[in-house]
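A short worksheet on the structure shown next.
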Ligand code: G3P
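In our numbering, the protein residues as written are 730 to 944.
Laid out in structure tokens, this is it:
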């Protein structure tokens with residue numbers, strides 16, 4: 730499973746990229762709006778200068794024609810931009826057009842197997858089931874990830890599954906178990922994935938034992 734970072738914060742992206750473990754970044758309008766420079770183009774170009782893998786930038790238009798125009802502009806910002814489009818009827822129309830132009834689309838706000846099937850049929854490169862938001866309303870978000878992975882497997886659909894709306898480290902474990910191609914994780918969760926108290930106490934013991942013989 731690849732790890733993407735789910736943030737538009739440049740400092741977080743720089744720090745995470747220095748670990749050498751992230752393969753892409755996902756943004757959305759809410760994440761970009763939190764940054765000091767909430768200019769989508771500036772933020773995405775800055776991210777693309779740090780990360781060479783897929784960087785998702787979301788369209789704000791709601792009708793298919795405007796989505797297509799906006800997506801073409803966003804895709805021209807950098808060679809590694811993936812355009813994020815919500816799964817609606819207009820989103821599917823736009824995705825069908827854009828995928829034929831070899832523009833990579835991440836179909837977002839996916840909450841059902843049917844939506845994921847349609848995203849794949851429209852030619853989306855990625856689909857993003859939102860795990861945490863399903864958990865929030867008492868559904869099992871990771872079950873959806875697992876069902877989509879299974880369904881894509883049956884029909885050999887090439888669309889990659891991004892487990893999104895990840896809220897904690899256990900989501901990363903269960904996404905990997907469910908066979909997600911990618912988990913896109915907030916910076917805080919990425920940092921928590923590194924930690925284990927036994928690693929810390931193990932290092933302390935090694936150093937203490939070594940100090941004893943080297944004094
Ligand atoms: O990857 C999608 C993500 O940004 C949404 O997360 O926590 O707002 O549901 P959340």
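Every residue gets a Cβ at the ideal spot worked out from N, C-alpha and C, and that includes glycine.
Asked: Can you tell which of 819, 827, 822 has the C-alpha that lies nearest to the C-alpha of residue 811?; Found: 827
Asked: So, is residue 926 buried or exposed, given that buried needs 16 or more other C-beta atoms within 10 angstroms?; Found: exposed
Asked: Which residues bound the alpha helix (DSSP H) around residue 756?; Found: It is not in any alpha helix (DSSP H) - residue 756 carries neither H nor E in the DSSP assignment.
Asked: Give a yes or no on contact between the region 850-860 and the region 893-911, applying the rule of three or more CB pairs nearer than 8 Å.; Found: yes
Asked: Please confirm if the region 767-785 is in contact with the region 814-826, defined as three or more CB-CB distances below 8 Å between the two stretches.; Found: no
Asked: What did DSSP end up calling residue 858 once you bin it into helix, strand or coil?; Found: strand
Asked: Measure the C-alpha to C-alpha separation of residue 845 and residue 935 and round it to an integer number of angstroms.; Found: 49 Å
Asked: Measuring CB to CB, does residue 911 end up less than 8 Å from residue 889?; Found: yes
Asked: Compute the minimum distance between the beta carbon of residue 876 and the heavy atoms of the ligand G3P, and state whether it is under 7 Å.; Found: no
Asked: How is the beta strand (DSSP E) around residue 835 delimited, first residue to last?; Found: 834-839
Asked: Using the Cβ count rule (16 or more neighbours within 10 Å means buried), how would you classify residue 771?; Found: exposed
Asked: Let me confirm a value: residue 789 is counted as buried when at least 16 other C-beta atoms fall within 10 Å, else exposed. Which label applies?; Found: exposed
Asked: So does residue 820 have its beta carbon nearer than 7 Å to some heavy atom of the ligand G3P?; Found: no
Asked: Going by DSSP, which residues form a beta bridge with residue 913?; Found: 733
Asked: Curious, which full-length beta strand (DSSP E) runs of at least 3 residues does the region 774-800 contain?; Found: 783-787
Asked: Verify whether the separation of the beta carbon atoms of residue 756 and residue 775 is less than 8 Å.; Found: no
Asked: In whole angstroms, what separates the C-alpha of residue 909 from that of residue 730?; Found: 6 Å
Asked: For residue 810, which beta-bridge partners are listed by DSSP?; Found: 784
Asked: On the criterion of 16 or more Cβ atoms from any shown chain inside 10 Å, does residue 734 qualify as buried, or is it exposed?; Found: buried
Asked: Three-state secondary structure (DSSP) at residue 890?; Found: strand
Asked: Spatial neighbours of residue 750 within its chain, please: CB distance less than 7 Å, with the 5 preceding and 5 following residues excluded, ordered by chain position.; Found: 732
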